[in-house]
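*Asks:*
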RNA sequence: GACCCUAUCGUCCAGUGGCCUAGGACACUCCCCUUUCACGGGAGUAACACGGGUUCGAAUCCCGUUAGGGUCGCCA
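Next comes the structure, spelled out in structure tokens:
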């Protein structure tokens, strides 16, 4: 069988992570079976159907790396791929139902007369489920078209899936209960229903339904925060599915190889941004420096940071890279390398750069460092340790004032790496300023 | 309310009748890396919703209860 999957979002103004995950699994399934992944925009609701809202979806999928084989911007033999442009096709299918005697009018709307039978949904994820549709009271007839001529989701979705030869409908479990009615439509149209796979939904940490306002709900916030697409893909795959063997970090290629619809967990999953954050850090950590720097640039530029040479930038990024988990935090981590007017974190100053002790220690270190002939990691470290021993303090008690004086903050890359890059002149000047700062606070 | 789905650490997953005194990851706590840190290493806290069965044996199968989610739209 030729596998054709689809993602069929409606343009609501954002791409929800739940939708992104649905798209991802459809994409993976198509890839795994050498099939086709179709993107179709369900924009039958004209009131909220804006160009911008459509763009959000396309942008989100592009960013996640989920390229579609057929759809907007791409074309294909089963278009158009916007439902708003498919009216003629719907008319034709509607008249087919009409001829078959399946329709009736109700207050100007057109409804589908259910055969009133028991319908089995044989779901790839949920298994075989029986629905008893014999009672019209509990399972009312589907409306297909409104009095104003606009189309209802259930009908156009089925028509499009037939027309676009979709073989596997992989979608959220919120559609499960309507699926038997869709199957009735397929039958009335003389079409073979596709395979269905209903995925559990994504919930908030507390188990409540995830709404668009919740943190992490909109995919658009991920690139802004400095998540990388492969990390988000990795996280999303782990939500309801697992490669077994207790693996957490797994490439999309491997997921494609290992993926099975039947292995998708049936429970709803709570969305845990903490873990996504951690995974992002893992990807950032192992990323090669060239790409890392490339990704970093927009975040640095946005913060108004400039650098003398690309080489200098890469050098700074390389020592900071293992510790930063979100690209958007980068300016905070590297700004002071490129600007003498960097700000000071007051809490860090209060802790390590205040009072006569700080003055004494920093002065001692300044003296030792100004006497250094060679400015490298090893000499920086040994000079600091010797100084610490000489004045009888622990190394940490020199490290902290030095760090705050040199960078303005209490956390950062390794101190010696930092000072090496800063260079002797700038380091000593910053120590000098730090001493004055500490003197000022000691009064 | 009716119908459908689900039920393992706080969270995500592993576990498909004996290997489970339940494993991994995130988070949290502590220790180490005699330098911080959201790097790294180690340790720890912490769960089979409840009640009945079936079975020599159940987290795993069955029934019920409870809880959560979904659907029942002229929203998608």
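Numbering (this note's numbering), first residue to last: 610 to 1052. For every residue, glycine included, the Cβ atom is placed at its ideal position computed from N, Cα and C. In this text, all values refer to a predicted model and were calculated from it rather than measured experimentally.
#1: Hey, residue 839 and residue 892: beta-carbon distance below 8 Å or not?
#2: If you follow the alpha helix (DSSP H) that residue 967 is part of, which residue opens it and which one closes it?
#3: Whole beta strand (DSSP E) runs in the region 630 to 674 with 3 or more residues, listed along the chain?
#4: Tell me where the alpha helix (DSSP H) around residue 896 begins and ends.
#5: Can you tell me which of the three DSSP states residue 741 falls into?
#6: Can you tell me the Cβ-Cβ gap for residue 782 and residue 810, rounded? I've got them flagged as a contact below 8 Å.
#7: Does residue 847 pass the burial test, meaning 16 or more other C-beta atoms within 10 Å, or should it be called exposed?
#8: Threshold first: 4 residues or longer. Then list the alpha helix (DSSP H) segments lying entirely within the region 971 to 1051, N to C.
#9: Output the boundary residues of the beta strand (DSSP E) element that contains residue 805.
#10: What runs of the beta strand (DSSP E), each 3 residues or longer, lie entirely inside the region 800 to 857?
#11: Residue 716 and residue 756 look like a contact to me (Cβ under 8 Å); what is the Cβ gap, rounded to whole Å?
#12: Considering Cα atoms alone, identify which of 777, 922 and 967 is closest to residue 616.
#13: If you compare alpha carbons, which of 624, 677 and 639 is closest to residue 649?
#14: Between the C-alpha atoms of residue 706 and residue 899, what's the straight-line distance to the nearest angstrom?
#15: Pick from 915, 849 and 922: whose alpha carbon is nearest that of residue 948?
#16: Taking buried to mean at least 16 other C-beta atoms within 10 Å of its own C-beta, is residue 708 buried or exposed?
#17: When burial is assigned at 16 or more other CB atoms within 10 Å of the CB, is residue 674 buried or exposed?
#18: If you count every other CB in all the chains shown that lies within 10 Å of the CB of residue 978, and 16 or more means buried, which is it?
#19: Look at the Cβ atom of residue 685, then the Cβ atom of residue 694, and state whether they are nearer than 8 Å.
#20: For residue 792, which residues from the same chain have a beta carbon less than 6 Å from its beta carbon, with the 5 sequence-adjacent residues on both sides left out?
#21: Out of 1027, 930 and 613, which one is the CA nearest neighbour of residue 986?
#22: Can you pull the DSSP bridge partners for residue 748?
#23: Should residue 860 be labelled buried (16 or more other beta-carbon atoms within 10 Å of its own) or exposed?
*Replies:* From the atom records:
#1: Position 230 of the first chain, counted from the start, is the residue given in the question as residue 839. Position 283 of the first chain, counted from the start, is the residue given in the question as residue 892. Going by C-beta atoms, residue 839 is nearer than 8 Å to residue 892.
#2: Position 358 of the first chain, counted from the first residue, corresponds to residue 967. 965 to 979 is the span of the alpha helix (DSSP H), which, as asked, contains residue 967.
#3: 645 to 648
#4: To locate residue 896, count along the first chain from 1; it is residue 287. Neither: residue 896 is in no alpha helix (DSSP H) and is coded neither H nor E.
#5: Walking along the first chain from the start, residue 741 turns up at place 132. Residue state, collapsed to three classes: strand.
#6: The residue you call residue 782 lines up with position 173 of the first chain. The residue you call residue 810 lines up with position 201 of the first chain. Between residue 810 and residue 782 the Cβ distance is about 6 Å, and since that is below 8 Å, they are a contact.
#7: As a working mapping, residue 847 is identified with position 238 in the first chain. When all chains shown are included, residue 847 counts as buried.
#8: 986 to 1000, 1004 to 1016, 1024 to 1031 and 1033 to 1051
#9: What you label residue 805 is simply residue 196 of the first chain in a count that begins at 1. Taken as a continuous stretch (DSSP letters only), the beta strand (DSSP E) holding residue 805 covers 804 to 808.
#10: 804 to 808
#11: Counting from one through the first chain, the residue named residue 716 turns up at place 107. Counting from one through the first chain, the residue named residue 756 turns up at place 147. With 8 Å as the limit, residue 716 and residue 756 qualify as a contact, their Cβ atoms being about 7 Å apart.
#12: Counting from 1 along the first chain, the entry for residue 616 is found at position 7. The shortest C-alpha separation from residue 616 is found at 777.
#13: What you label residue 649 is simply residue 40 of the first chain in a count that begins at 1. Among 624, 677 and 639, the Cα nearest to that of residue 649 belongs to 677.
#14: What you label residue 706 is simply residue 97 of the first chain in a count that begins at 1. What you label residue 899 is simply residue 290 of the first chain in a count that begins at 1. For residue 706 and residue 899, the distance between alpha carbons rounds to 59 Å.
#15: Walking along the first chain from the start, residue 948 turns up at place 339. Of the candidates 915, 849 and 922, the one whose C-alpha sits nearest the C-alpha of residue 948 is 915.
#16: As a first step, residue 708 must be located in the first chain, where it is residue number 99. Residue 708 should be labelled exposed.
#17: As a position in the first chain, residue 674 is number 65, starting the count at 1. It counts as exposed.
#18: For this step, residue 978 is matched to residue 369 along the first chain. By the neighbour-count rule (16 or more Cβ atoms within 10 Å), residue 978 is buried.
#19: Position 76 of the first chain, counted from the first residue, corresponds to residue 685. Position 85 of the first chain, counted from the first residue, corresponds to residue 694. It is not a contact, given that the beta carbons lie outside the stated cut-off.
#20: The residue labelled residue 792 in the question sits at position 183 within the first chain. Result list for residue 792: 728 and 802, in chain order.
#21: Taking the first residue of the first chain as position 1, residue 986 is located at position 377. Among 1027, 930 and 613, the Cα nearest to that of residue 986 is on 1027.
#22: Numbered from 1 along the first chain, position 139 holds the residue referred to as residue 748. Looking at the DSSP assignment, residue 748 forms no beta bridge with any residue, so it has no partner.
#23: Along the first chain, read from residue 1 onward, the residue named residue 860 stands at position 251. It is exposed - the Cβ of residue 860 has fewer than 16 other Cβ atoms within 10 Å.
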